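Colleague:
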Amino acid sequence: MSKSICFYFQVHQPYKLRTYRFFDVGKRHHYYDEYQNRTIMRRCADHCYLPMNEILMEQIKKYGDKVKFAFYFSGIAIELMQQYAPDALDSFKELVKTGNVEVLAGTYGHSLASLQNLDVFKKQVAEHKKLMKETFGVTPKTLVNTELIYSNEIGNDVSEMGFNLMLTEGAKHVLGWKSPNYMYANSINPKLRLLLRNTSLSDDLTLRFANDSITTESFVEKLNTIEDEVVNIYADYETFGEKFNAETGIFDFVKHLPEAILNNTDFEYAKPIETLDNLQTVSIFDAPIPLSRNGEERDLSAWMGNDLQDDALQTLYSYANKVKRSKDEEVTRDWNALLDADNFNCLCTKYSGSSPYDYYVNFMNILTDFNERVSKKD
Amino acid sequence: MKVLMFGWEFPPHITGGLGTACFGMTKGLAKNGVDVLFVVPKAHGDEDETNVRLLNASDVTVNIDNEKDRSYWDRVQYMEIGSNIIPYVGPERFERLVEEQRATSHFQSPVFMPRYEFSGKYGANLMEEVSRYALIGSSLALEHKDEFDVIHAHDWLTYSAGIAAKETTGKPLVVHMHATEFDRSGENINTLVYSIERRGMEAADIVITVSDLTRKIVVEKYGINPDKVITVHNAVEPNDKKRSEYETCGLKNKVVTFLGRITYQKGPEYFVEAAHKILQYDPTIHFVMAGTGDLLPKMIRRVAQLKMGANFHFTGFLKGNDVDQMFAMSDVFVMPSISEPFGIVPLEAMRLDVPCVISKQSGVSEVVENALKVDFWDINGLADAIYGLCHYPKLSEMFKREGKIEVDNLKWEFASKKIKAVYEKAIEITK
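Protein sequences, first through last, are from chains A and B.
Numbering of the first sequence is given in the working numbering, commencing with residue 376 and proceeding in unit increments.
Numbering of the second sequence is given in the working numbering, commencing with residue 30 and proceeding in unit increments.
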């Protein structure tokens, strides 16, 4: 029997927040650094989205049904592209139109809602689904939660939203001796089936590409050591051309990958959704404590756990009901921007060189203003 | 009458209250018919020069081989002990440098360079700048010998310059204690700074302290003869703009403000803890901590830990118009200082109709009647006072009205009159 390989790309950029002072609270409701947003989105489009889409398009033309990909576009990334890089958005649409690309479901605002508030989580997924339908004309069937965050409960929630398939991290501390390269099931509701990110091969691309001089040969060699059923490679799309620029040879790597895989391995490209028919679950995947794809620990410490993060999260989500009652478009847009997990990552004290304190002060000022607005509407 | 004044900073380039005080004082002196020759390191060129003639110490070239400077030279040798806290030059190397220079008259250390650019900021090479400033002080005083009657030096940074000027010209010296080393560092004082302060006060004909609190420290901890220590309380300049002319606060709720350096001395912790207590009774009040300092990260962490970030805001360092703008947005001002020689900020708040809570451990509490006074460590008392000013309009109305009248009478014009009297006394003594 042939084995499957699935490629998932995450397309997301956060709204960069401007310096928002106490003096602005209650007066000026504009929170974004437009210059940075434009610059970063333009750079991503020119260095990554456009050239990568072109490469994938060529491969689809050359190999037809033999190459397939999956994409998660955050709602925020779509908004930013609409504003600053419509050309990139068009090229994504072209790509989806070929039918070789599966559009994945997820949260609209790249949010941590699944951990905080089920109501908000459901709304995030529903809004995202609607946006995908509007933008690409397709209804996503496979869900990837923000940063592959997952627990048994979250899986159960996702299943109740009507999804049968979800991708999460092949975290070693959960798997133990088991292999990530099979299909698993949720422990509460086994109807929800799980695919797991292959950490080693994914990180070869996203973390180690330039340093360990990864080549198509070495990648395929490693792939050939896998005797199991399905390999899931999940990467930030910006890895290609933005994180590792063209000089690292990453575009050449991507260009020659299908040829190497199709000719030298018995793996076949698959869309995640196709595995539902082809594979059987081998076991349950039991994650009582939430996990993610982040860090060596694969835990949530990048976004929550310290005082700054917890206060900010608690404050933000305490506005959920007010936001729900508000039908204001601006409020919804700002709400999504504030929900973005990246905001809480900026409050993480694990990294050196950034100032989580400054970010906290600024972010809380914005939240105060935001609360004033939604309270007024209440 | 003319006075040669040694300062360290002058508006608009200020790092603390000293610059503001000097500015008000010189204006007040001018009104009392006293001319001021103000020496600051590194004048930037955009200082307000209507009332003072600014001499830029960086513009003065010193000829080290000059005999008169040589007389000061031996005093620099004494300073050499102090200079070993210069981070760029270790103690041994500095000593060697000085020895070499003394032997060869060939000067290389930046302190002894003929034209040394003062940075004019409180910095790592402060001691070096202090020494250099003193060296220049003496030559400057000599050059303008016939232009002034008395020398006035502000805070320890300029005391060496004051002493040198006195020695070279024989004019009387007044030193002004805006803060003591005990205020800045608690009991763990920098003995070098302490000895400079003490030497300055001993050499001075009269010592001015900014409060009786400071006077007590000067007498008790520095052993200065109480007869020559005179308290002249600071004052504040009336505001050009009324509260109503500033932007109003975007929040409809009460705003309680702390404004100052966020350091141990200012008691920011007590403000944070009091805010936490108050929020349990009235969750609508907002708190603002304006300023920066080494305790800022700790305060932010504590605010987050107490889960009150949505009601507690930080603005970072504010200056000029932003300070008054902040007051105009405030309903209560709090100064919970652990030790404050004077503390001019509540006066600035009062002149914009902000009722104040001040600690009993501040010099300003000696002159202000219309404010609530609590012990800095009494968090419950602090919380009570703030809550009261937010909730009992009669009380705050009274403080606003009476406080404004009170502060309008605490003018530099009047304080400077007392300073002028001090000058006259100093001249009298030395005759």
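Positions of the beta carbon are idealized from the N, C-alpha and C atoms, including for glycine.
Everything numeric in this text was worked out from a predicted model, so none of it was measured.
(1) First and last residue of the alpha helix (DSSP H) that includes Ser534/A?
(2) So if I threshold CB-CB distances at 7 Å, which residues from the segment 660 to 691 of chain A count as touching chain B?
(3) When you compare the segment 340 to 350 of chain B with the segment 366 to 380 of chain B, are there three or more beta-carbon pairs, one atom per stretch, that lie closer than 8 Å?
(4) Per the DSSP calculation, Phe287/B is bridged to which residue(s)?
(5) Is DSSP giving Ala208/B helix, strand or coil here?
(6) Compare the C-beta of Pro201/B with all C-beta atoms of chain A and state if any pair is closer than 8 Å.
(7) What are the boundary residues of the beta strand (DSSP E) that Tyr644/A is part of?
(8) With a threshold of 7 Å on Cβ separation, who are the neighbours of Ile435/A within its own chain once the five nearest residues in sequence on each side are excluded?
(9) Under 8 Å between C-beta atoms, does Phe398/A make it to chain B?
(10) Where do the ends of the beta strand (DSSP E) carrying Val403/B lie?
(11) Using the DSSP secondary-structure output, state which residues sit across from Arg244/B in a beta bridge.
(12) Give me, in chain order, the residues of the same chain whose beta-carbon lies closer than 6 Å to that of Phe371/B; leave out the 5 immediate sequence neighbours on both sides.
(13) So the candidates are Gly279/B, Leu221/B, Leu439/B, Ser388/B; which of them puts its Cα closest to the Cα of Phe745/A?
(14) How is Asp103/B classed by DSSP in three states: helix, strand or coil?
(15) Helix, strand or coil for Ile373/B per DSSP?
(16) Assuming contact is defined by CB atoms lying nearer than 8 Å, are Met34/B and Val68/B in contact in what I supplied?
(17) Could you pull the start and end residues of the alpha helix (DSSP H) that Tyr223/B belongs to?
(18) Going by C-alpha distance, which of His405/A, Thr590/A, Gly537/A is nearest Thr514/A?
(19) For a minimum of 3 consecutive residues, which ranges assigned as the beta strand (DSSP E) are wholly contained in the segment 585 to 643 of chain A?
(20) What does Ile329/B reach in chain A if we use C-beta pairs closer than 7 Å?
(21) Express the C-alpha separation of Tyr644/A and Phe444/A in angstroms, rounding to a whole number.
(22) Sorted by chain position, which residues of the same chain lie with C-beta nearer than 6 Å to Gln491/A's C-beta, five sequence neighbours on each side aside?
(23) Closest by CA to Phe382/A, which one among Lys702/A, Lys725/A, Leu431/A?
(24) Residues of chain A with a CB under 8 Å from the CB of Phe343/B: which are they?
(25) Assign Trp441/B to one of two classes, buried (16 or more other C-beta atoms within 10 Å of its C-beta) or exposed (fewer than that).
(26) Within 8 Å of any Cβ in chain B, is that where the Cβ of Thr581/A sits?
(27) Check whether the Cβ atoms of Glu502/A and Tyr525/A lie closer than 8 Å to each other.
(28) So if I threshold CB-CB distances at 9 Å, which residues from the segment 337 to 363 of chain B count as touching chain A?
(29) Look at the alpha carbon of Asp652/A and the alpha carbon of Lys646/A, and state the distance between them as a whole number of angstroms.
(30) Taking C-alpha atoms, which residue in Asn561/A, Ser562/A, Gly545/A lies nearest to Tyr554/A?
(31) Is it buried or exposed for Asp234/B, if we count other Cβ within 10 angstroms and need 16 for buried?
(32) Considering just the uninterrupted stretch of the beta strand (DSSP E) at Thr459/B, what are its terminal residues?
(33) Chain B partners of Asn740/A, CB-CB under 8 Å?
(34) Is the CB-CB distance between Asp178/B and Lys31/B below 8 Å?
(35) Determine whether the beta carbon atoms of Gly320/B and Ile291/B lie at a separation below 8 Å.
(36) Which term fits Lys699/A, buried or exposed, when burial requires 16 or more other beta carbons within 10 angstroms of its beta carbon?
Modeller: Put simply:
(1) Going by DSSP, Ser534/A is part of the alpha helix (DSSP H) stretching over 527 to 535.
(2) Listed by position along the chain: Asp682, Leu683, Asp686, Ala687, Gln689, Thr690.
(3) Fewer than three beta-carbon pairs drawn from the segment 340 to 350 of chain B and the segment 366 to 380 of chain B are found closer than 8 Å, and the two stretches are therefore not classed as touching.
(4) Answer by DSSP bridge pairing, in chain order: Met318/B, Val363/B.
(5) Under the three-state reduction of DSSP, Ala208/B is assigned to coil, being neither helix nor strand.
(6) No, Pro201/B lies away from the interface with chain A (no Cβ there is under 8 Å from its Cβ).
(7) Where Tyr644/A is concerned, the enclosing beta strand (DSSP E) stretches over 642 to 644.
(8) Take Ile435/A, set aside five residues on each side of it, and the residues of its chain with a beta-carbon closer than 7 Å to its own are Val442, Thr473, Asn475, in chain order.
(9) With 8 Å as the cut-off, Phe398/A counts as an interface residue toward chain B.
(10) Unbroken beta strand (DSSP E) run through Val403/B: 401 to 403.
(11) The beta-bridge partner set that DSSP reports for Arg244/B is empty.
(12) Val239, Ser240, Asn263, Gly392, Val393, listed in sequence order.
(13) Answer by Cα proximity: Gly279/B.
(14) Because the pLDDT at Asp103/B is just 33, under 50, the model does not fix this residue reliably, and the value given afterwards should be weighed accordingly. Of the three classes helix, strand and coil, the one that applies to Asp103/B here is helix, per DSSP.
(15) Note: Ile373/B maps to coil in three-state DSSP.
(16) Annotated as proximal: Met34/B and Val68/B, with beta-carbon spacing under 8 Å.
(17) Looking at the DSSP string, the run of the alpha helix (DSSP H) that includes Tyr223/B is 220 to 232.
(18) For the residues His405/A, Thr590/A, Gly537/A, the minimum Cα distance to Thr514/A belongs to Gly537/A.
(19) Fully enclosed beta strand (DSSP E) runs of 3 or longer: 605 to 611.
(20) What Ile329/B touches in chain A: Tyr732, Tyr735, Val736.
(21) So the two alpha carbons sit approximately 8 Å from each other.
(22) Taken in chain order, the residues that qualify are Tyr692.
(23) Ranking Lys702/A, Lys725/A, Leu431/A by Cα distance to Phe382/A puts Leu431/A first.
(24) By Cβ distance, chain A contributes Phe397, Val736.
(25) The residue is buried, with at least 16 neighbouring Cβ atoms inside 10 Å.
(26) Residue contact check for Thr581/A against chain B: no CB pair falls below 8 Å.
(27) Cβ distance not < 8 Å, so Glu502/A and Tyr525/A don't count as in contact.
(28) Residues passing the 9 Å Cβ filter: Met337, Gly338, Ala339, Asn340, Phe341, His342, Phe343, Thr344, Gly345, Asp351, Gln354, Met355, Met358.
(29) For Asp652/A and Lys646/A, the distance between alpha carbons rounds to 11 Å.
(30) What sits at residue 554/A in the sequence shown is Ser, not Tyr. In terms of Cα proximity to Ser554/A, the closest of Asn561/A, Ser562/A, Gly545/A is Gly545/A.
(31) With 16 or more Cβ atoms within 10 Å of its Cβ, Asp234/B is classed as buried.
(32) Per DSSP, Thr459/B belongs to no beta strand (DSSP E); it is in the alpha helix (DSSP H), 441 to 459.
(33) Near Asn740/A (Cβ distances below 8 Å), the residues of chain B are His342.
(34) Yes, the Cβ-Cβ distance between Asp178/B and Lys31/B is below 8 Å.
(35) In terms of Cβ geometry, Gly320/B and Ile291/B form a close pair [threshold 8 Å].
(36) Exposed: under 16 other Cβ atoms inside 10 Å.
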